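Protein chains in written order, with the working numbering: chain A, 1393 to 1638; chain B, 112 to 361. Below: one structure, written as C-alpha cells.
Right under this line is the structure:
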C-alpha cells in the first residue's frame, strides 16, 4: 500500500514537473546553472574512479588469463567491454546517485522545511517544476558527456597500468580495445545513461520535495533518496539490458 | 476584503479548525490571535491554499478560492504577498535577487525598472546598502524586512504575515509591526497577521479574531480586548506578569 502511495505521488509530481513553465527564460538559465553544478562538479570524482577502475579491470583480467591459447589483446578487449557496457554507465550512475542525489534531496528538503517552497507556491509558481525540471533536463544533457568522458578515462587508466606494469604491451592493449568493436554498445550505454540521469534526479527531488519536519528529516530524505535511486538504477539496468541486448 | 465562511480542517482524527467564519477588512491590520496549537497558523495556511479546507468557503473579494482550479489559484496568488515565520528567503539568492524574484517571474519590467522597484521596496522597509548580502548574513529583523520587501514588490492586494515577530527583540518587533501597519494603510491592502504576541495586539490590532481550540471564540479590536469578560481570552491577554500588573493598576 505504501509503495503504491509513493508511486502514485511520484507520478503526480512528475505530471506537475513537466507542465508548462511560468517563464521559459528563467528555467533555461537555471538549467545551465544546474549543468555546471551537477556536471562540471562531478568531473573530478568521475575521473578518479574511472582511472582506477579501468586500471583494476586490466590487472584482474590479465591475472585471470593463464591459458596461452587466449591472446594478450583480450585484456584490452575485456577492459573496453566492461567499461563501456557496465562500469561507466551503471557504476558511475550509482556514484552520481550518491553525490547528486543526496545533494538534490537535501537542497529541496531544506527548502521545504524552511518554508521556501511554500513561498514559491504563494507567489503562484509551480514549485515542483521550478525546482526539479532544470535539474532533470541538465542531467539528461550533461550525463552522456560525463559517461563518455568516464569511458575514455577508464580505458586510459587500463592502458597506463598495462604499459607501466608490462602485463601487456601498448600495441596489444590498443589492438584489444579496437577489436570487434560494435557501435551499438555505445548506443546501449548512452540509452542507459539517459534513463539513469532521469532516475538520479527525479527520485531524490521527490524525496526532498515531500520532506516533513526539520533537519533530521532532511538527512533521512537524503538517505532514502540515495537508497531508492540506487535500487531503481539496478532494476532499470536489468530491464534495459534484457530489452536491448537479448 | 477576504471572507472565510464556516471553514473546517482536520488532520486525520484531529479536528484543527471547526466552522470558522471571519471577515478580514481592506486597509486594516486583521489579527488572528490565540495560544500555540489553537489552529491560527493552520487557518492562515488554509486561506492562502497551502492546506485544503475540508468544507466552507474562502472568498477573495467575492472570488471563491476553494472552487478554483490550480491555474486560477495561481492568478490569485500573484495578488498576494506573504511574510513567513522564518522569513523563507531563498538562501542561494542575495537580498536584491530575493526581492527581484517575483518581479522577474511576473512583472515584465526591464532590468533597470526592476532594480528601481527593488531599491524602492528596500528603502520602504528601511533597509539600504544590503542589496548584495545573502540571507545568512542578515539579522532576524533584517530578514523580516527583506521578507516584507519581497511581499510588497508586486503591489499585492492581500498581505499575510505568519508570526512576524517570532525571534525578534521587543523594539524590533514594534518596528516590524508598525511597518506592516503603515504598508497596509499606504497601499490599501487587506492584511492578515497571525500572532500570539500581546505587544503586537496592542500596537496594530485594528481587528482581532481570537481562535480557541480551533473555533472562533471572540472578535473585536485592541480596545475591547482589554475589557472583555470572556474567561479564555482574559487568560490569554493577562497571561504575562506585566499585563496582570497593568490590570491591577486600572
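Every residue, glycine too, gets a C-beta built ideally from N, C-alpha and C. Treat the numbers as computed from the prediction; the structure is a model and nothing was measured.
In the three-state reduction of the DSSP assignment, residue 1603 of chain A falls in the coil class. What residue 185 of chain B touches in chain A, judged by beta-carbon distance under 7 Å, is 1516, going in chain order. Around the beta carbon of residue 291 of chain B, 16 or more other beta carbons lie within 10 angstroms, which makes this residue buried. Taking 8 Å as the CB threshold, residue 1584 of chain A stays off the interface with chain B. For a Cβ distance threshold of 9 Å, nothing in chain A lies close to residue 220 of chain B: the least Cβ distance comes to about 13 Å. Contact annotation: the region 1482–1498 of chain A does not touch the region 159–170 of chain B, with fewer than three C-beta pairs closer than 8 Å. Assignment of residue 349 of chain B by DSSP, reduced to helix, strand and coil, places it in the coil class. Rounded to the nearest whole angstrom, the C-alpha separation of residue 1479 of chain A and residue 229 of chain B is 51 Å. Annotated three-state conformation of residue 189 of chain B is coil, per DSSP.
Residue 1401 of chain A counts as exposed, since fewer than 16 other beta carbons sit within 10 angstroms of its beta carbon.
Contact annotation: the region 1548–1566 of chain A does not touch the region 1587–1597 of chain A, with fewer than three C-beta pairs closer than 8 Å. Linking residue 261 of chain B to residue 142 of chain B through their CA atoms gives a straight-line distance of about 21 Å. Of all residues in the region 1503–1515 of chain A, only 1506, 1507, 1508, 1510, 1511, 1513, 1514, 1515 place a beta-carbon less than 7 Å from a beta-carbon of chain B.
The residue from B:162, B:160, B:170 with its alpha-carbon nearest to that of residue 136 of chain B is B:170. Note on geometry: alpha-carbon atoms of residue 1430 of chain A and residue 1528 of chain A lie some 10 Å from one another. The C-beta of residue 303 of chain B comes no closer than 8 Å to any C-beta of chain A. Taking the Cα of residue 1515 of chain A as reference, the smallest distance to any Cα among B:195, B:173, B:144, B:298 is reached at B:195. Counting only unbroken stretches of 3 or more residues, no beta strand (DSSP E) element lies wholly within the region 1446–1514 of chain A. In this structure, B:193 is the residue among B:254, B:193, B:306, B:285 with its C-alpha nearest to the C-alpha of residue 159 of chain B.
Put simply, the backbone Cα of residue 1444 of chain A is about 19 Å away from that of residue 1466 of chain A. Sixteen is the threshold: since fewer than 16 other Cβ atoms of the shown chains lie within 10 Å of the Cβ of residue 352 of chain B, the residue is exposed. In the three-state scheme derived from DSSP, where H, G and I count as helix and E and B as strand, residue 126 of chain B is classed as strand.
For residue 1527 of chain A, the nearest beta carbon of chain B is not closer than 8 Å to its own beta carbon. The Cβ-Cβ distance between residue 257 of chain B and residue 200 of chain B falls below 8 Å. Per the C-alpha coordinates, the member of B:334, B:319, B:333 positioned closest to residue 327 of chain B is B:319. DSSP places residue 1574 of chain A outside any beta strand (DSSP E), giving it a letter other than H or E. Counting of Cβ neighbours within 10 angstroms places residue 282 of chain B among the exposed residues, the total staying below 16.
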